[in-house]
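The structure appears right after this line, and notes come after that.
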Amino acid sequence: MINQDVCYFYDGHTIYDDYGGIAFGSTEGSNIAKALGSARASILVTHGLITVGATVDEAAYLYTLLEKSCQIQLMVEATRFPKRIIPDRDAAAIAKEADDPASTESLFVEFQPEYQLEESLDVSFKLWNM
51 MINQDVCYFY DGHTIYDDYG GIAFGSTEGS NIAKALGSAR ASILVTHGLI
101 TVGATVDEAA YLYTLLEKSC QIQLMVEATR FPKRIIPDRD AAAIAKEADD
151 PASTESLFVE FQPEYQLEES LDVSFKLWNM
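For this note's numbering, add 50 to where a residue sits in the sequence shown, where the first one is 1.
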């Protein structure tokens, strides 16, 4: 863990590397869900990221947080300078605090500016036509 934000996922994410093809059927989705377990996020090795939350907004905020954390990790790796790693005990404390129900409610609130931006740019994302 190289920054405080990524500590939300300390011992709370999985790596899914059993790519079973495009998830048109329920099998691949079930496999991903099983691999995710009770974690908040999973890195799908051949596909990307997936996050879950108590609300859609929470899951969306966690997704943006994980994506940003991955970008930061890649930038740090590219510098070839020594990384400053957050100690496990500190990362675990941050993750525990993040699991507090009051903190998970704040994740909903954290996503609202992004939601409002999307809404101001193009409200059509709210129109679900199937």
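The beta carbon of each residue, even a glycine, is placed where N, CA and C say it ideally should be. What you are looking at is a predicted structure, and each value in this text was computed from that prediction instead of being measured.
Given a threshold of 16 other Cβ atoms within 10 Å of its Cβ, counted over all protein chains shown, does residue i qualify as buried or as exposed?
{"i": "A110", "result": "buried"}
{"i": "R134", "result": "exposed"}
{"i": "E108", "result": "buried"}
{"i": "M51", "result": "buried"}
{"i": "F175", "result": "exposed"}
{"i": "I82", "result": "buried"}
{"i": "F131", "result": "exposed"}
{"i": "F74", "result": "exposed"}
Take residue i as the anchor and find which of the options has the nearest alpha-carbon.
{"i": "P151", "options": "A104, F161 and L124", "result": "A104"}
{"i": "I93", "options": "S80, S76 and C120", "result": "C120"}
{"i": "N53", "options": "I72, L167 and D138", "result": "D138"}
{"i": "V106", "options": "D172, E155, L171 and S80", "result": "E155"}
Between which residues of its own chain and residue i is the CB-CB distance below 7 Å, once the five residues before and five after are set aside?
{"i": "L116", "result": "F59, A91, L99 and T101"}
{"i": "D67", "result": "V95"}
{"i": "A89", "result": "G62, H63 and T64"}
What whole-angstrom Cβ distance do residue i and residue j have, given they're in contact under 8 Å?
{"i": "C57", "j": "A128", "result": "Between A128 and C57 the Cβ distance is about 22 Å, and since that is not below 8 Å, they are no contact."}
{"i": "L86", "j": "T114", "result": "The pair is not a contact, with the Cβ atoms about 18 Å apart (cut-off 8 Å)."}
{"i": "L157", "j": "L124", "result": "The Cβ separation is near 24 Å, so there is no contact."}
So, for residue i: in the same chain, excluding its five sequence neighbours on each side, which residues have a beta-carbon less than 8 Å away from its beta-carbon?
{"i": "D140", "result": "C57"}
{"i": "K118", "result": "D55"}
{"i": "E160", "result": "Y111"}
{"i": "E147", "result": "S153"}
Per DSSP, which residues does residue i bridge with? Please list them.
{"i": "Y66", "result": "L94"}
{"i": "L99", "result": "I93"}
Can you check whether the C-beta of residue i is within less than 9 Å of a C-beta belonging to chain E?
{"i": "A143", "result": "Chain labels in this structure do not include chain E; a single protein chain is all it has."}
Check whether the Cβ of residue i lies closer than 8 Å to any heavy atom of the ligand SAM, and answer yes or no.
{"i": "Y58", "result": "Here there are no bound small molecules, and the ligand SAM is not part of this structure."}
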